[in-house]
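Notes follow once the structure below has been shown.
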Amino acid sequence: MIISLLDRLHRIEAALAAISYVLVTGLLLSGIIARELFSTTIWGSEKVAVFAAVFAAFLGLTLATAANSHLRPRFTDHWWPDPWQKKVARGGDFFSAFLFFGIAVVTGIYVSDTFINEDRAAVIYWPLWPIQLVIAYSFLSSGVRHLAFALWPKIKPQAEILE
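Take the sequence shown: its position 152, counting from 1, is numbered 172 in our numbering, and each next residue is one higher.
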């Protein structure tokens with residue numbers, strides 16, 4: 021059940037990240053075409069492209085967590101005796117879950133303040149809080165994944181290590 025849920029979540033996050041990058045590409049390309057061929061601009065396109073890129077980047081955090089592909093210092097891999105490796109990895113997942121949940125709370129407060137203050141994006145004047153929700157979501161999603169990896173270590177993907 022948890023594997024199915026995390027897999028569906030991964031697919032949705034990957035699709036949204038891909039759509040966001042398609043949007044970034046389309047907006048930037050159309051802005052260049054409008055400027056070069058028609059001597060005009062598409063109002064707010066650069067700002068929307070930046071927000072779409074930020075959206076995709078934060079979803080990238082969840083995708084990296086799902087694939088267990090974060091950059092990490094490999095030189096620490098042999099600091100612990102071999103029999104301890106699994107317990108250390110599990111402890112690392114619990115710690116990461118705790119850390120990500122804490123950051124999710126802080127970013128949730130930040131988004132809440134943005135909502136209360138009715139902050140708006142410059143140029144396009146859109147409310148910022150819906151755009152910022154992806155920040156809190158990405159930390160929450162990564163925290164849930166690390167907690168799942170800590171509780172059920174067998175569902176954690178093996179990290180691909182390039183030599």
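Idealized CB from N, CA, C, for every residue including glycine.
Give the range of the alpha helix (DSSP H) segment to which residue 70 is assigned. On the sequence shown, position 50 is the one that residue 70 refers to. Residue 70 -> alpha helix (DSSP H) spans 65-87.
Rounded to a whole number of angstroms, what is the C-alpha to C-alpha distance between residue 147 and residue 135? As a position in the sequence shown, residue 147 is number 127, starting the count at 1. As a position in the sequence shown, residue 135 is number 115, starting the count at 1. Their backbone Cα atoms lie some 8 Å apart in a straight line.
Taking the CB atoms as reference points, tell me whether residue 117 and residue 80 lie closer together than 9 Å. Numbered from 1 along the sequence shown, position 97 holds the residue referred to as residue 117. Numbered from 1 along the sequence shown, position 60 holds the residue referred to as residue 80. Against a cut-off of 9 Å, the Cβ pair of residue 80 and residue 117 comes out as no contact.
Check for me: the alpha helix (DSSP H) holding residue 30 runs from which residue to which? As a first step, residue 30 is located in the sequence shown; it is residue number 10 there, counting from the start. From DSSP, the alpha helix (DSSP H) with residue 30 extends over 22-58.
Residue 95 and residue 151 look like a contact to me (Cβ under 8 Å); what is the Cβ gap, rounded to whole Å? Working through the sequence shown from its first residue, we reach residue 95 at position 75. Working through the sequence shown from its first residue, we reach residue 151 at position 131. Residue 95 to residue 151, Cβ: 38 Å. No contact.
Measuring straight from C-alpha to C-alpha, what distance separates residue 63 and residue 40? Position 43 of the sequence shown, counting from 1, holds the residue named residue 63. Position 20 of the sequence shown, counting from 1, holds the residue named residue 40. In a straight line, the C-alpha of residue 63 is about 19 Å away from that of residue 40.
Classify residue 103 as helix, strand or coil using the three-state DSSP reduction. In the sequence shown, counting from the first residue as 1, residue 103 sits at position 83. Note: residue 103 maps to helix in three-state DSSP.
Is residue 140 helix, strand or coil when you go by DSSP? Looking up residue 140 in the sequence shown gives position 120. Strand at residue 140.
Quick one, which of 85, 130, 167 has its alpha-carbon nearest residue 110's? To locate residue 110, count along the sequence shown from 1; it is residue 90. With distances taken between Cα atoms, residue 110 lies closest to 167.
Got a sec? Which residues, its chain only, sit under 7 Å from residue 87 by beta carbon, not counting five neighbours each side? Position 67 of the sequence shown, counted from the first residue, corresponds to residue 87. For residue 87, where only same-chain residues beyond five positions count, the Cβ hits under 7 Å are 177.
Residue ranges of each alpha helix (DSSP H) run of no fewer than 4 residues wholly in the segment 106-139, ordered along the chain? none
Does residue 115 pass the burial test, meaning 16 or more other C-beta atoms within 10 Å, or should it be called exposed? Counted from its first residue, the sequence shown places residue 115 at position 95. Its Cβ having fewer than 16 others within 10 Å, residue 115 is exposed.
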